[in-house]
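Colleague:
There are 2 protein chains.
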Amino acid sequence: MNKATTLILTSSDVNTIMMEHGFNRLMDDLINRLSLEFKNFDKEKSIIPIRSGFNYTGQFPGLVEWMPIHKVNDEVVIKIVGYHPKNPKTFNLPTILSSISSYDTRTGHLKGLVDGVLLTALRTGAASALASKYLASPESSVLGLIGCGAQSVTQLHAISRNFKLQQVLIFDKDKDAMISFESRIRNLNLDINVEIANINYILENCDIVCTATSIDVGEGPLFKDFITKPHLHINAVGSDFPGKIELPLSLLKDSFVSPDFVEQAKIEGESQQLEDIDIGDSIITISQNSDKFEYLKKQRTVFDSTGLALEDKVVMGLFLELADKFNVGTKVRLENISTDVRNPYHFLEKHISVKV
Amino acid sequence: MNKATTLILTSSDVNTIMMEHGFNRLMDDLINRLSLEFKNFDKEKSIIPIRSGFNYTGQFPGLVEWMPIHKVNDEVVIKIVGYHPKNPKTFNLPTILSSISSYDTRTGHLKGLVDGVLLTALRTGAASALASKYLASPESSVLGLIGCGAQSVTQLHAISRNFKLQQVLIFDKDKDAMISFESRIRNLNLDINVEIANINYILENCDIVCTATSIDVGEGPLFKDFITKPHLHINAVGSDFPGKIELPLSLLKDSFVSPDFVEQAKIEGESQQLEDIDIGDSIITISQNSDKFEYLKKQRTVFDSTGLALEDKVVMGLFLELADKFNVGTKVRLENISTDVRNPYHFLEKHISVKV
């Protein structure tokens, strides 16, 4: 531990890390690390409160919330994340803006601060890939993306690492988002056929579907009637706020619903529509008992992904390690630490003439 | 708003700002701004949840907590603060390590990140100076400091701006802290007599006393019996955790106790010892009705200072303004914001050969 410095990984730093390490290798590493964290998860050793935050309506509706996790005898990681659906059109900014910080629990020292925009997109994709591994048919080849914003790119990327995808069917109520999608995934070099479709066609023809929309509170679900393959697996990514839902209750009640974090999903996720008895085991429980849940791959399943601080800890840890490997990032002395810890005004002594 | 950059004020930046602006002028500005914020405080417009965090025992006991405030239609400010009493002796680090960040509520953008170590010491001092203005005798000339760590320096500095102090009586159970105190305040150029004394002597002879110790949970109070001047005012700064108290119940019950934040003080402050009926109006209420509370200056009073996110917002705002004025700080592109907000992998397009 360098006790006096904080490593800052900026936007360009995290891009550099991803280029140096290779974007597929990075996604594979992330999925593997997340898989290990889920398998080894112990709630006595990783304490995750339900996230909290401020939300508001008005001219620029949105929320700013904090997602903390305490890895006992190790670190506290806190992601601060904003969700402002007007950002793209009004400010040409991503809907989700975020940063992630890590603190040494021996001292409270801020070890690092990292962009949370790219990292959130990556870890949300990785979580869907992992959930799909446990809940979708291993033969899945047709992926549906409902909502073609920033998250859809990493959903596709992550899931393409676990499945031999041949076709992607996409829908967004914003035509621009649909039209630009193919150009946005070009550099992933996927040998895959992309087609625009309507929601019902997607539901009927896909093996896996990801919903990642900014549907307004009270406006969901995205669809009402549906015909699906018996083994359809849905990664429901968008629902992360009280009143915001993407899927109809009838589909949820007729599917196995696995939240990332049951207590949080009951407040913010698709599971807010369900009684406790209709909510399945969490994806962590399933990953710790995968043999027992093998049968789910043949059934209709929903991963109720509200976002988990554990995922943020994993992705930040990976980037901090790679920053060290590739010597990327800037170390700053952020905290005012002097040679005399009892003197907050230590710096006054260095100056001969002092303005009072 | 520069929507794409985050201003970082490091340890040396905040020192520079304080030197450039003048340390007395800075403290005066801070006290004045805090005074205005308290007078204009409206709980509909400034939303302050009770702080939350992780705490732990073991080899390195301590806590990391988050203190958020939402100024409606403006900003969210979050201080992350660690309290680790073993820091000075074990790691040569301050007990309190901290950083403060500010977010634009229109977009969620992280506007700035600033050292919270010096800023916490400053604003805690300013809060005591302000409380003393409302609760202590205007003629106060003898100040007592029980606990001579980092906070004591700014307590003295701040209070010296509001009162004509002639003498400071100090006590710390750590002899080194007492002996070094005078050298630590030398650069404040105060015309003041500093004497080491025991706690009972301090209580009996002072007009204002500040308690700012790291007494352990369950080990308080700092003293049992006491004789004081009838108008003694105590700024009780150290109590900020369930079970951590500095003052005896008998003194509290026989004083007017004004918390900074009643609900929080009942959990973490001296007020955790009291029934609701024994807790006085908050310092904000008093500052909004100062005429009505004028009589308190002749009585024994306690400011139960647990620390208020509003104070962090004020001190950060002042430093951000001065950073702009003196052109101090570093602007970084922390958040991954691309020209195509829907493409988290935009950077892949800039490269001809891409590692996969």
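Same order as they appear, the protein sequences are chains A and B. Going by numbering that gives the first Met the number 0, 308 is the number at position 309 of the first sequence; the sequence numbering is gapless. Going by numbering that gives the first Met the number 0, 32 is the number at position 33 of the second sequence; the sequence numbering is gapless. Note that the Cβ used here is the ideal one computed from N, Cα and C, for glycine as well. A quick note: this is a predicted structure, and the numbers were derived from the prediction, not measured.
According to DSSP, is A/Tyr-344 helix, strand or coil?
Modeller: coil
Colleague: Can a CB atom of chain A be found closer than 7 Å to the CB of B/Thr-4?
Modeller: no
Colleague: Return helix, strand or coil for B/Glu-194, following the three-state DSSP convention.
Modeller: strand
Colleague: Identify the continuous beta strand (DSSP E) that holds B/Asp-215 and give its terminal residues.
Modeller: Taken as a continuous stretch (DSSP letters only), B/Asp-215 belongs to no beta strand (DSSP E), as it is neither H nor E.
Colleague: I want to see whether chain A comes within less than 7 Å of B/Leu-25, judged by CB atoms only; does it?
Modeller: no
Colleague: If we cut at 7 Å on Cβ distances, does A/Asp-311 have a partner in chain B?
Modeller: no
Colleague: Say whether the region 138–146 of chain A touches the region 334–341 of chain A, bearing in mind that this needs 3 or more beta-carbon pairs closer than 8 Å, one atom from each stretch.
Modeller: no
Colleague: Do B/His-232 and B/Ile-207 count as a contact pair if the criterion is CB distance below 7 Å?
Modeller: A Cβ-Cβ contact shorter than 7 Å links B/Ile-207 with B/His-232.
Colleague: Using a Cβ-Cβ distance cut-off of 7 Å, determine whether B/Gly-107 contacts chain A.
Modeller: yes
Colleague: Which word fits B/Thr-5, buried or exposed, when buried means at least 16 other C-beta atoms lie within 10 angstroms of its C-beta?
Modeller: buried
Colleague: By Cβ distance, which residues of its chain are closer than 6 Å to B/Gln-165, with the 5 residues on each side in sequence left out?
Modeller: Ser-140
Colleague: When DSSP builds the beta bridges, which residues end up paired with A/Ser-101?
Modeller: A/Val-76 and A/Gly-111
Colleague: Please list the residues of the region 115–128 of chain A that have a C-beta atom closer than 7 Å to any C-beta atom in chain B, keeping them in chain order.
Modeller: Val-116, Leu-117 and Ala-120
Colleague: Which residues in the same chain have their Cβ closer than 7 Å to the Cβ of B/Ile-49, if we skip the five residues on either side of it in sequence?
Modeller: Glu-262, Gln-263 and Ile-266
Colleague: Confirm the yes/no value for this check: CB of A/Ile-169, any heavy atom of the ligand MG, distance under 6 Å.
Modeller: Among the components modelled here there is no ligand, and therefore nothing to report on the ligand MG.
Colleague: Should A/Ser-270 and A/Ile-278 be called a contact, given that it needs their Cβ atoms to be closer than 7 Å?
Modeller: yes
Colleague: Which runs of the beta strand (DSSP E) at least 3 residues long sit entirely within the region 104–186 of chain A? Give them in chain order.
Modeller: You should have 109–114, 141–145 and 166–170.
Colleague: Is the beta carbon of A/Glu-43 sitting closer than 7 Å to the one on A/Gly-52?
Modeller: With respect to A/Gly-52, A/Glu-43 sits apart: the two C-beta atoms are not nearer than 7 Å.
Colleague: Who are the near neighbours of B/Ile-351 in its chain, counting only those whose CB is closer than 7 Å to its CB and skipping five residues on each side?
Modeller: Residue placement at B/Ile-351 cannot be trusted, given a pLDDT of 49 that sits under 50; the coordinates are not used to answer.
Colleague: On the criterion of 16 or more Cβ atoms from any shown chain inside 10 Å, does B/Gly-242 qualify as buried, or is it exposed?
Modeller: exposed
Colleague: For A/Asn-186, which residues in chain B fall below 8 Å Cβ to Cβ?
Modeller: Tyr-344, Leu-347, Glu-348 and Val-353
Colleague: Return no unless some Cβ of chain A is closer than 7 Å to the Cβ of B/Gln-14.
Modeller: The residue asked about is misnamed: residue 14 of chain B is Asn in this sequence, not Gln. B/Asn-14 counts as touching chain A.
Colleague: To the nearest angstrom, how far is the alpha carbon of B/Thr-106 from that of A/Pro-87?
Modeller: So the two alpha carbons sit approximately 10 Å from each other.
Colleague: What number of angstroms, rounded off, separates the C-alpha of A/His-69 from the C-alpha of A/Glu-36?
Modeller: Rounded to whole angstroms, A/His-69 to A/Glu-36 spans 14 Å at the Cα level.
Colleague: Would you give the residue range spanned by the alpha helix (DSSP H) that B/Ala-264 belongs to?
Modeller: 261–267 is the extent of the alpha helix (DSSP H) around B/Ala-264.
Colleague: If you measure from the beta carbon of B/Pro-372 to each beta carbon in chain A, is any gap under 7 Å?
Modeller: With chain B covering 0 to 355 only, the question about residue 372 of chain B has no answer from this structure.
Colleague: So, A/Ile-198 versus A/Phe-170, is the Cβ gap smaller than 7 Å?
Modeller: yes
Colleague: DSSP puts B/Ser-238 in a beta bridge; with which residues?
Modeller: Answer by DSSP bridge pairing: none, since B/Ser-238 is not bridged.
Colleague: So is B/Ser-10 in contact with chain A if we call contact Cβ pairs under 7 Å?
Modeller: yes
Colleague: DSSP beta-bridge partners for A/Asp-303?
Modeller: A/Ala-235 and A/Pro-258
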